[in-house]
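Visitor: Next up is a structure, given as structure tokens.
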Amino acid sequence: MPAPIRVLLADDHTLVRRGVRLILDGEPDLTVVAEAGDGAEAVARARETPVDLAVLDVAMPRMTGLQAARELSRRLPDLHILILTMYDNEEYFFEALRAGASGYVLKSVADRDLVEACRAAVRDEPFIYPGAERALVRSYLERLHRGDGLPERAITEREEEILKLVAEGHTSKEIGELLFISAKTVERHRANLLQKLGMRDRLELTRYAIRAGLIEP
90 MPAPIRVLLA DDHTLVRRGV RLILDGEPDL TVVAEAGDGA EAVARARETP
140 VDLAVLDVAM PRMTGLQAAR ELSRRLPDLH ILILTMYDNE EYFFEALRAG
190 ASGYVLKSVA DRDLVEACRA AVRDEPFIYP GAERALVRSY LERLHRGDGL
240 PERAITEREE EILKLVAEGH TSKEIGELLF ISAKTVERHR ANLLQKLGMR
290 DRLELTRYAI RAGLIEP
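Structure below.
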């Protein structure tokens, strides 16, 4: 028998992690070897523990699953990544692909789809939750017909990191320490965000971060 697929599981809800772990550990070819409560911890765990597959929730503190996926793709290009989310959202799906994920699984049907998605990811096969294919293909063809490509990012990856931390209530000094940049650089990015998004203050940035799925309401 080949060695089981080693899984890193990241979700900020302990009960969700426990339930997902029960599903995965119940399979002979899958084993959860590390857990994380946010995206930053997931990156750290993946760097210190040999894993084959990272299963990442989208909405987590400090660093979202999509941000963690981008970082993991850069640091560990051979690591397979799955996004596990409650959001049945086309924009998140395309963003997950951009971030390096090979699959997108809804939490509502994780008991049905997650095991198959894990196995597909490790075989380098994409996994799309059933029912999404037609809608995604139709939307993509409509964009091509209009002369559009995939939806563009409204803000840069660094701006997204700062937006999330601002919305979580961190000061510029705290954000600078977390991202290893100066507080002045944080303030400059924050000013750019306000201008780019046409907003006035932290409250409006927080509302935008909630709509974008960077933090939970």
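According to our numbering, the sequence shown holds residues 90 to 306 in order. Where is the CB? At the ideal position from N, CA and C, for every residue including glycine. Every value quoted in this text rests on a predicted model; they were computed, and no experiment measured them.
Just list the residues that DSSP pairs residue 192 with in beta bridges.
Guide: Reading the sequence shown from its first residue, position 103 is the one you call residue 192. Answer is 171, 216, bridged to residue 192.
Visitor: Return the residue from the list 210, 98, 126 that minimises the CA-CA distance to residue 114.
Guide: Against the sequence shown, residue 114 aligns to sequence position 25. That would be 98, whose Cα lies nearest to the Cα of residue 114.
Visitor: Tell me whether residue 216 is buried or exposed, calling it buried when 16 or more other Cβ atoms sit within 10 Å of its Cβ.
Guide: The residue you call residue 216 lines up with position 127 of the sequence shown. Classification for residue 216: buried.
Visitor: What does residue 94 pair with, by DSSP beta-bridge criteria?
Guide: Residue numbering aside, residue 94 sits at position 5 when the sequence shown is read from its first letter. In the DSSP output, where bridge partners are listed per residue, residue 94 has 119.
Visitor: Would you list the residues sitting across from residue 146 in a DSSP beta bridge?
Guide: Locating residue 146 in the sequence shown gives position 57, where the first residue counts as 1. Paired residues: 173.
Visitor: Is the CB-CB distance between residue 39 and residue 128 below 9 Å?
Guide: Here the chain comprises residues numbered 90 to 306, so residue 39 is not present and cannot be evaluated.
Visitor: On a CA-only basis, which of 306, 206, 103 is nearest residue 253? Give me that one, please.
Guide: Here residue 253 refers to the residue found at position 164 when the sequence shown is read from its first residue. If we check each option's Cα against that of residue 253, 306 comes out closest.
Visitor: Step through the CB atoms of chain D and report whether any lies within less than 9 Å of the CB of residue 262.
Guide: Judged by its chain identifiers, the structure shown contains no chain D, having just a single protein chain.
Visitor: According to DSSP, simplified to helix, strand and coil, what is residue 99?
Guide: Along the sequence shown, read from residue 1 onward, the residue named residue 99 stands at position 10. DSSP places residue 99 in strand when its eight states are reduced to three.
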